[in-house]
Amino acid sequence: MTYAETLDYLYSQLPVFQRTGAAAYKPGLATTEQLAAAMGHPERQFRSVHVAGTNGKGSSSNLLAAVLQAAGYKVGLYTSPHLREFTERIKVNGQDLPPAYLVAWVARWRPVFEPLRPSFFEMCVVLAFTYFAEEKVDVAIVEVGLGGRLDSTNIITPLVSLITNISLDHQNLLGDTLPLIAAEKAGIIKPGVPAVISQSQPEVRAVFEQKAAAEHAPLLFADQHYRVGQPVPPAPDQDTQLLTVTHDDGGPGLEALELGLAGDYQRLNLPGVLATLAELRRQGY
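Counting in the numbering used here, the sequence shown runs from 1278 upward without gaps.
Here's what the structure looks like:
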């Protein structure tokens, strides 16, 4: 198949599920696990950070990947949806998935797909994991597609689980209250794996505390440790913003931290990113 035909297969040759949005959502991990098993469990062949949340998970994932790459690591990044090209969803050190890899991968594994009839999202996730394993990344940042507990990405056991802001979204699938939605996001918290929560929202704090306790997972509410000041207005010819970060535990702060992502809401993402990086450093990164 050509690249265009391969994309058409991914988007169109899924007889039961619609192509995009909530209608394409297929909860449960069984098919993803079967696909991964058929491919030799690529998700077990690289280390990862798992990122969930309603808002900020994409920005947080990109920030984590950028910092780790700048520190010299080979970094995989899986996010969704894409803006222009499908291959933007899967990157290694900032470079998109090569179209030729996608064509070869689908051709190789199509006999496995036919009896399992995986959803578009399940195929994308296992594609990313296979690519990261073959590229031998040092760490991959894996963004949840929808929810967390039953999302296809949740077959990994990460080094750290990061959960960003929680608000009402996909209520027909995840629940119609903040605690119900938070419980779905908290489903990425794994036994013994440190969990970082970007914001300690009173409505959902107990949900994360109870899940972490049940999994014996260390839990940190990042905004209780990292305080981000108001941004310094950038120069007219600059798109970056300068931020000051103080550490409530007496650790070193950050003066004039240059953030390449615009928007005041990035201040809400930053504590979770910094806490996740601190945990990775504690683990030897």
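We put the beta carbon where it would ideally sit given N, CA and C, even for glycine.
Through-space distance from residue j to residue i, alpha-carbon basis
i, j, result
"R1426", "A1410", "23 Å"
"W1382", "E1556", "34 Å"
"K1368", "M1400", "16 Å"
"R1324", "T1356", "16 Å"
"P1456", "S1475", "16 Å"
"R1394", "H1502", "45 Å"
"L1374", "R1366", "8 Å"
"L1284", "P1376", "10 Å"
"L1379", "P1435", "25 Å"
"I1440", "L1360", "23 Å"
"E1480", "Q1487", "13 Å"
"K1462", "V1484", "10 Å"
Buried/exposed call for residue i, threshold 16 Cβ in 10 Å
i, result
"S1633", "This structure leaves residue 1633 out entirely; the chain is present only between 1278 and 1562."
"E1320", "buried"
"G1353", "buried"
"E1543", "The amino acid at residue 1543 is misidentified as Glu; the sequence shows Gln. That one is buried."
"E1282", "exposed"
"E1413", "Here residue 1413 is Lys; the residue named in the question, Glu, does not match the sequence. Answer is exposed; the Cβ neighbour count stays below 16."
"D1391", "Checking the displayed sequence, the identity of residue 1391 turns out to be Glu instead of Asp. That one is exposed."
"T1454", "exposed"
"T1407", "buried"
Backbone secondary structure at residue i - three-state DSSP
i, result
"D1373", "strand"
"G1333", "coil"
"G1305", "coil"
"Y1286", "helix"
"Y1350", "coil"
"F1485", "helix"
"R1438", "The sequence as given places Ser at residue 1438; Arg does not occur at that position. Looking at S1438 - three-state DSSP - the assignment turns out to be strand."
"S1338", "helix"
Other residues of its chain near residue i: CB distance less than 6 Å, five sequence neighbours each side excluded
i, result
"A1472", "S1438, I1466, A1489, A1494 and L1496"
"T1430", "V1402, V1419 and V1421"
"A1552", "V1473, L1497 and A1499"
"G1464", "G1425 and R1426"
"A1459", "I1443, V1481 and V1484"
Residues of its chain near residue i, where Cβ-Cβ distance is below 7 Å and the 5 sequence neighbours each way are ignored
i, result
"H1335", "The sequence given here has Gly at residue 1335, not His. Closer than 7 Å at the Cβ level, and outside the excluded window around G1335, lie T1356 and E1420."
"L1545", "G1333, N1442, S1475 and Q1476"
"F1363", "L1284"
"T1308", "L1393, P1395 and E1399"
"V1550", "S1337, L1340 and L1341"
"V1344", "L1554"
Cβ shell of residue i (< 8 Å), same chain only, five flanking positions each side left out
i, result
"A1315", "W1386 and V1389"
"G1561", "none"
Any non-hydrogen atom of the ligand SAM closer than 7 Å to residue i Cβ
i, result
"L1497", "Annotation note on the ligand SAM: not contained in the displayed structure, which lists no ligands."
Short CB-CB distance (under 8 Å) between residue i and chain D
i, result
"P1471", "The structure shown contains no chain D; it holds only a single protein chain."
**Prompt:** Is there contact here, the stretch 1418-1435 with the stretch 1329-1337, by at least three beta-carbon pairs under 8 Å?
**Reply:** Yes, the stretch 1418-1435 is in contact with the stretch 1329-1337.
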